[in-house]
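Heads up, the thing below is written out as structure tokens.
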Amino acid sequence: MTNRKDTRGSGGRYSAGSGRKLHLIQVPFGLGAGRPGNEAGPESMIQAGLLRQLRKTAYEVTGESRLNAAGRQANPAVAEGPVKHAAEVGAMCRSVSEAVAEASERGELPLVLGGDHSVTIGVLAGLAAKERRVGVIYFDAHAGLHTEAGSPSGHIGGMSLAVALGYARPALGDVGGLAGGSAIRKQNVVLIGVRDVEPEERELILSEGITVFTMHEIDRMGIEAVIGKALEIAGDGTDGIHVSFSADCLDPLEAPGVGMQVPGGLTYREAHFACELLAESGRIASIDMVEVNAMLDESRRTARLAIGLIASLLGKRIL
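Last residue of the sequence shown: 319 (full-length UniProt numbering), numbering continuous.
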């Protein structure tokens, strides 16, 4: 069972006094991944100075929620058939969906701290709950497009985008706005930083025409051009854009604290510049930061980088 502690209204002490409102949602959940440590990601980002970073933006933290998700750690040896921890992931996603939908209704920007990437299923469900059309810009080393039939691991964190788009329904039950269809459409989804794709995912990407900017495209085009195209696609006819940022899209030399390191990711400056450009667009409606694995982090290097990127997404600039 997933319980929620809501401290709405207590966040004014972090206010920048601008009138822009933000609701901070912590989701200490790691059962969608294969290794323990992601469940401690939200607390690691808080301890690394997130609230101090938020004070440097134009947003006032008008509410906070901490979802008391399933407390046990992920276990790489668990064997539950083709889909692992489906009941727990489903319960978590429903709670996240409710918290995100309520924050959006109040005019607060939901800032969700995960947890593994299965958290994003709940975030997108909450954004879609009121039939708003939402574009998605999805930073990840992996495509998140495994299905329950083709996943080599059975971990739902690797299926998050497939579930949101309706390609996979791994026994989660109805999850908010994803029940019976979704306002999340493939033509408004953009993946950035991908460099580890399984054959099943490659087939789905090509057959469905999903936009993916791999590291090859980033090297060839430059991050500024990639973000410009991503904004065009995710913003075409949508009511806002959700930015889902997995820490493993970053190069492991910059961000070692992730469960599945893949060499050759975004550099520190590429990532910050991308986030600054997204903030300048004025289209960001919500953010999730996921896959910070506190057990694998070195002196909170990854957590510190993650909270800096959040601040850049919220409009913090050097001058």
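Glycine included, each C-beta is placed from N, C-alpha and C at the ideal position.
For clarity, every value in this text was computed on a predicted model and none was experimentally measured.
Backbone secondary structure at residue i - three-state DSSP
{"i": "histidine 142", "result": "strand"}
{"i": "serine 65", "result": "strand"}
{"i": "lysine 84", "result": "coil"}
{"i": "glycine 154", "result": "coil"}
{"i": "glutamate 98", "result": "helix"}
{"i": "threonine 211", "result": "strand"}
{"i": "arginine 220", "result": "helix"}
{"i": "isoleucine 137", "result": "strand"}
{"i": "isoleucine 310", "result": "helix"}
{"i": "valine 189", "result": "strand"}
{"i": "proline 110", "result": "strand"}
{"i": "arginine 317", "result": "coil"}
{"i": "glycine 19", "result": "coil"}
{"i": "leucine 124", "result": "helix"}
{"i": "residue 389", "result": "As shown, the chain starts at 1 and ends at 319. That puts residue 389 outside it, with no answer to give."}
{"i": "valine 89", "result": "helix"}
{"i": "leucine 24", "result": "strand"}
{"i": "valine 119", "result": "helix"}
{"i": "valine 194", "result": "strand"}
Whole-angstrom distance between residue j and residue i, CA atom to CA atom
{"i": "threonine 214", "j": "valine 262", "result": "13 Å"}
{"i": "glutamate 201", "j": "glycine 19", "result": "42 Å"}
{"i": "leucine 24", "j": "leucine 124", "result": "16 Å"}
{"i": "serine 133", "j": "alanine 33", "result": "Looking at the sequence provided, one finds arginine at residue 133 rather than serine. Answer to the nearest angstrom: the Cα atoms are 28 Å apart."}
{"i": "tyrosine 268", "j": "serine 246", "result": "14 Å"}
{"i": "valine 163", "j": "arginine 169", "result": "6 Å"}
{"i": "arginine 55", "j": "glutamate 276", "result": "17 Å"}
{"i": "lysine 229", "j": "isoleucine 184", "result": "18 Å"}
{"i": "histidine 155", "j": "valine 83", "result": "6 Å"}
{"i": "glycine 30", "j": "valine 61", "result": "25 Å"}
{"i": "histidine 117", "j": "valine 27", "result": "11 Å"}
{"i": "arginine 301", "j": "alanine 255", "result": "6 Å"}
{"i": "histidine 146", "j": "leucine 191", "result": "14 Å"}
{"i": "threonine 238", "j": "alanine 99", "result": "21 Å"}
{"i": "leucine 206", "j": "glutamate 217", "result": "16 Å"}
{"i": "tyrosine 14", "j": "glutamate 203", "result": "Legend: pLDDT at tyrosine 14 = 35, less than 50; position of this residue unreliable, value from coordinates given subsequently. Cα-Cα distance, rounded: 46 Å."}
{"i": "alanine 143", "j": "valine 243", "result": "15 Å"}
{"i": "leucine 319", "j": "threonine 57", "result": "12 Å"}
{"i": "aspartate 297", "j": "arginine 195", "result": "21 Å"}
{"i": "alanine 285", "j": "asparagine 68", "result": "24 Å"}
{"i": "glutamate 45", "j": "glycine 308", "result": "One detail in the question is off: residue 45 reads as methionine in this sequence, not glutamate. Going from the Cα of methionine 45 to the Cα of glycine 308 covers about 10 Å."}
{"i": "alanine 86", "j": "tyrosine 167", "result": "16 Å"}
{"i": "aspartate 236", "j": "proline 199", "result": "29 Å"}
{"i": "valine 119", "j": "glycine 157", "result": "8 Å"}
{"i": "leucine 278", "j": "leucine 266", "result": "16 Å"}
{"i": "leucine 109", "j": "valine 292", "result": "21 Å"}
Whole-number beta carbon distance between residue j and residue i, since they are thought to touch under 8 Å
{"i": "glycine 114", "j": "valine 290", "result": "3 Å"}
{"i": "alanine 141", "j": "aspartate 219", "result": "About 15 Å; that fails the 8 Å criterion."}
{"i": "glycine 122", "j": "methionine 92", "result": "6 Å"}
{"i": "alanine 294", "j": "alanine 40", "result": "4 Å"}
{"i": "glycine 126", "j": "valine 96", "result": "6 Å"}
{"i": "isoleucine 137", "j": "isoleucine 223", "result": "The pair is not a contact, with the Cβ atoms about 13 Å apart (cut-off 8 Å)."}
{"i": "glycine 259", "j": "arginine 35", "result": "5 Å"}
{"i": "glycine 63", "j": "alanine 103", "result": "7 Å"}
{"i": "leucine 165", "j": "leucine 111", "result": "That belief does not hold up - the Cβ atoms of leucine 165 and leucine 111 are roughly 23 Å apart, past 8 Å."}
{"i": "threonine 211", "j": "valine 197", "result": "Incorrect: roughly 14 Å between the Cβ atoms, too far for contact."}
Residue burial classification, residue i (beta-carbon count within 10 angstroms, cutoff 16)
{"i": "glutamate 280", "result": "exposed"}
{"i": "lysine 316", "result": "buried"}
{"i": "glycine 107", "result": "exposed"}
{"i": "serine 312", "result": "buried"}
{"i": "leucine 253", "result": "exposed"}
{"i": "glycine 9", "result": "Residue confidence for glycine 9 is low, a pLDDT of 44 falling below 50, so the modelled location carries little weight; the figure read from the coordinates is stated next. Exposed is the call here."}
{"i": "glutamate 232", "result": "exposed"}
{"i": "arginine 52", "result": "exposed"}
{"i": "aspartate 251", "result": "buried"}
{"i": "serine 65", "result": "buried"}
{"i": "proline 152", "result": "exposed"}
{"i": "alanine 225", "result": "exposed"}
Which residue spans inside the region 225 to 295 form an unbroken beta strand (DSSP E) run of at least 3?
The region 225 to 295 contains these whole beta strand (DSSP E) runs: 240 to 246 and 284 to 290.
Which runs of the alpha helix (DSSP H) spanning at least 4 residues fall entirely within the region 28 to 62, listed in chain order?
The alpha helix (DSSP H) runs lying completely inside the region 28 to 62 and spanning 4 residues or more are 41 to 47 and 50 to 54, given in chain order.
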